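In the working numbering, the protein residues as written are 563 to 815. We put the beta carbon where it would ideally sit given N, CA and C, even for glycine. All figures in this text were calculated on a predicted structure; none of them were measured in a lab. Structure first, then comments.
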Ligand code: NI
């Protein structure tokens, strides 16, 4: 089995043993990992890690929690970083009204600026959207990504997923689908064609059952694959194969 963890924060300081983490992932069948960035420093670190470790690819981008970092200079820096061959998307970008209510307008502007950057560079985007689905959809309708793109850790409704699918989006799911209270996520996975589903961990956060409370890492994507297999009435091998094909198509890896 060969799986891809399409969203991992390997530059987090909790991963002071990143070589072993990546090796353990590979032993568990997770052969490729996309390291997600959330500010300029983590973008630079993700690029460095992708150069150092074969299995690692990277995103560069500014998360909506970090709007203070935004400037013309930042756009130039992201553009320079993205010239590296293992940069596969601009991410994670989007809107977060859960952590930041005070910066909504700034978040929207930076989201649009980064969609424009991705379109200029012909890269997909990886979107984070928390308690902001209405505005997320409105922005994406008016600023369509050129490339098939990804809603990561999708937590919206079945209806919103349909709208986003029509806008060219696929969806990645992580540990949340294994939680006993994850009714909406399970409904969404049921409703989506397998061609639109990818696997992620969002590690070190959102550790799946049976390891909740411990540090999450890419090898645990296998528990997400297992849960999706149960929901979709497929074998875990089929889920691994399909979601890996999807990652290949979307990110060109
Ligand atoms: Ni993330």
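- For a cut-off of 8 Å, the C-beta gap from residue 637 to residue 621 is around 16 Å, too long to register as a contact.
- 607 is the residue among 660, 661, 618 and 607 whose C-alpha sits nearest the C-alpha of residue 639.
- Within the same chain, 702 come within 6 Å of residue 729 by CB-CB distance, once the 5 residues on both sides are set aside.
- Burial state of residue 752 is exposed, judged by a 10 Å Cβ sphere holding fewer than 16 other Cβ atoms.
- In terms of side-chain proximity, the C-beta atom of residue 634 is found no nearer than 7 Å to any non-hydrogen atom of the ligand NI.
- Non-local beta-carbon contacts of residue 668 in its own chain, meaning distances under 8 Å to residues more than five positions away in sequence, involve 629 and 632 in chain order.
- If you look at residue 712, you'll find it in the beta strand (DSSP E) that goes 711-713.
- Excluding residues up to 5 positions away in sequence, 736 and 764 lie with their Cβ nearer than 6 Å to the Cβ of residue 715 in the same chain.
- Within 10 angstroms of the beta-carbon of residue 743 lie fewer than 16 other beta-carbons, which makes it exposed.
- Taking the Cβ of residue 598 as the reference point, at least one heavy atom of the ligand NI falls within a distance shorter than 7 Å.
- For residue 624, the three-state secondary structure derived from DSSP is coil.
- Nearest in C-alpha terms to residue 802, of all of 590, 585 and 580, is 590.
- For residue 764, the shortest separation between its Cβ and any heavy atom of the ligand NI lies below 7 Å.
- For residue 792, the enclosing alpha helix (DSSP H) starts and ends at 783-794.
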